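Each residue of the sequence shown is one higher than the last, beginning at 1 in the working numbering. We put the CB at the ideal spot given by N, CA and C, even for glycine. Predicted, not measured: the structure shown is a model, and the values here were computed from it. As structure tokens, the structure follows; a few thoughts come after it.
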Amino acid sequence: MMRISQLLVKTITLLVGFQLCTGELSAMQYAYMKTKMADVIAANSHLLPRMIQFAFHDCIGGCDGCVDTTNPNNINLVPVVQLAAQFRKENSPLLSQADVNVFIATETLKYTARIAGGRMRVPFKTGRVDCDLSNGFPVRIFPDPGSTDSVEYLMETFELSARQAVGLIGVHSLGGCNSNVSGYSGVWDTTPRALDSNYYENMMKTGWQVEKRLEPAVDLVSSQWSKKRGNWPTLMLHADMGIYKQYNVTGIYSLPDCRYSTCELSHTALVVREFAADQRAFHRVLSQAFTKMVETGSNRLKLVGF
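This is the structure:
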């Protein structure tokens, strides 16, 4: 019996090894990675928002596994980039770093949706190719948080519909801003570890005031929308509020040309209202948008699972 058990273990090990060496990910290996990722999430709950954000930054211009941590836009992503490299080394060495980055973000997205009482079906595919760093890091054009054209940026960058762009922006339901890193300060809603519709609800509620932000340490001169909800200092960047209110920003502080109560509704305001009232619709559209985002620049991807 012992010899049979040992033979079985060796056979399974050889099969898994063969699948890895052929560059394919078996159902068994995928399940193993998901188990290991659950452990990573449990040990790094403070990094959940950034574990999704770094995939967004990686996929601008095409998901290629190369996140330049010397770029000021990525300075807060250093621990996540290191975590992803370590995860690949220990659990999936023959997958590209781009695939591993997407896997980490996908599992984190699904986990935070479950915290909100929801369930997201997000496909995971492999086949992305890492960039060649011999010519340096790829040039990426990041969105301007002080601009109101975030919907247009996402539509152009990831070929999303306006509805999908509003859904993708909804990942701001997670986490917040640290003035020492970005110059902005606050959380987007009062449940910063749950991927819920509270982000949209908070945006629609009155009480928002414009706050000037002057942070020389991070070279920021701008403004944000601020509101206190209980003990929570909440914020909306212009990139956020622009999906609900129609306005322009002017001057050195990028100040709106209207007050919250007088700004007209934007062309995507109805989508914001829909997602505020229907979290399942938000999750469904976000899944579509996220899938498009992580398939940017890749033509031959192979479905592994959900």
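What does DSSP give as the partner residues of residue i in its beta bridges?
{"i": "Thr234", "result": "Val187 and Lys227"}
{"i": "Thr291", "result": "Bridge partners of Thr291: none, in fact."}
{"i": "Thr250", "result": "Leu255"}
{"i": "Lys245", "result": "Leu265"}
Could you tell me which of the options sits nearest to residue i, measuring between CA atoms?
{"i": "Thr148", "options": "Ala38, Ala43, Ser185 and Gly242", "result": "Gly242"}
{"i": "Leu255", "options": "Ser222, Asp278, Trp232 and Ala276", "result": "Ser222"}
{"i": "Pro72", "options": "Cys59, Leu195, Ile141 and Glu274", "result": "Ile141"}
{"i": "Ala289", "options": "Leu109, Val80 and Gly186", "result": "Leu109"}
{"i": "Ser134", "options": "Ser96, Arg114, Cys66 and Gly117", "result": "Cys66"}
{"i": "Ala281", "options": "Tyr247, Gly176 and Ala113", "result": "Ala113"}
{"i": "Glu90", "options": "Arg229, Tyr32 and Val271", "result": "Tyr32"}
{"i": "Val166", "options": "Tyr30, Val304, Arg284 and Lys34", "result": "Arg284"}
{"i": "Leu301", "options": "Ala98, Gly61 and Phe56", "result": "Ala98"}
{"i": "Phe124", "options": "Ala116, Gln53 and Leu95", "result": "Leu95"}
{"i": "Asn180", "options": "Glu295, Asp219, Asp257 and Ser266", "result": "Asp219"}
In this structure, does DSSP put residue i in helix, strand or coil?
{"i": "Val139", "result": "coil"}
{"i": "Arg259", "result": "coil"}
{"i": "Arg213", "result": "strand"}
{"i": "Gly176", "result": "strand"}
{"i": "Leu83", "result": "helix"}
{"i": "Ser298", "result": "coil"}
{"i": "Cys21", "result": "Residue placement at Cys21 is flagged as unreliable, the pLDDT there being 40, under the threshold of 50; a coordinate-derived value is accordingly withheld."}
{"i": "Lys205", "result": "coil"}
{"i": "Val151", "result": "helix"}
{"i": "Thr157", "result": "helix"}
{"i": "Ser222", "result": "strand"}
{"i": "Leu286", "result": "helix"}
{"i": "Met120", "result": "coil"}
{"i": "Ser134", "result": "helix"}
{"i": "Cys63", "result": "coil"}
{"i": "Ala194", "result": "coil"}
Within the continuous alpha helix (DSSP H) that includes residue i, where are the two ends?
{"i": "Tyr303", "result": "Tyr is not the amino acid found at residue 303; the sequence shown has Leu there. Note, Leu303: premise wrong, no alpha helix (DSSP H); beta strand (DSSP E) at Lys302 to Gly305."}
{"i": "Thr107", "result": "A quick correction: the sequence has Glu, not Thr, at residue 107. Per DSSP, Glu107 belongs to the alpha helix (DSSP H) from Gln97 to Ile115."}
{"i": "His267", "result": "Note, His267: premise wrong, no alpha helix (DSSP H); not H, not E."}
{"i": "Arg163", "result": "Ala162 to Ile169"}
{"i": "Thr35", "result": "Ala27 to Ala43"}
Span of the beta strand (DSSP E) holding residue i?
{"i": "Thr126", "result": "Phe124 to Thr126"}
For residue i, is the classification buried or exposed, using 16 other Cβ atoms within 10 angstroms of its Cβ as the cut-off for buried?
{"i": "Ser287", "result": "buried"}
{"i": "Tyr200", "result": "buried"}
{"i": "Gln279", "result": "buried"}
{"i": "Gln209", "result": "exposed"}
{"i": "Asn299", "result": "exposed"}
{"i": "Gln86", "result": "exposed"}
{"i": "Lys245", "result": "buried"}
{"i": "Lys228", "result": "exposed"}
{"i": "Tyr206", "result": "One detail in the question is off: residue 206 reads as Thr in this sequence, not Tyr. Exposed, by the Cβ-count rule."}
{"i": "Arg259", "result": "exposed"}
{"i": "Gly311", "result": "Because the chain is modelled from 1 through 306, residue 311 falls outside the range shown and cannot be assessed."}
{"i": "Asn248", "result": "exposed"}
{"i": "Leu270", "result": "exposed"}
{"i": "Thr22", "result": "Reliability fails at Thr22, whose pLDDT of 40 lies under 50, so the model's placement of it is uncertain and no value is given."}
{"i": "Val304", "result": "buried"}
{"i": "Asp39", "result": "exposed"}
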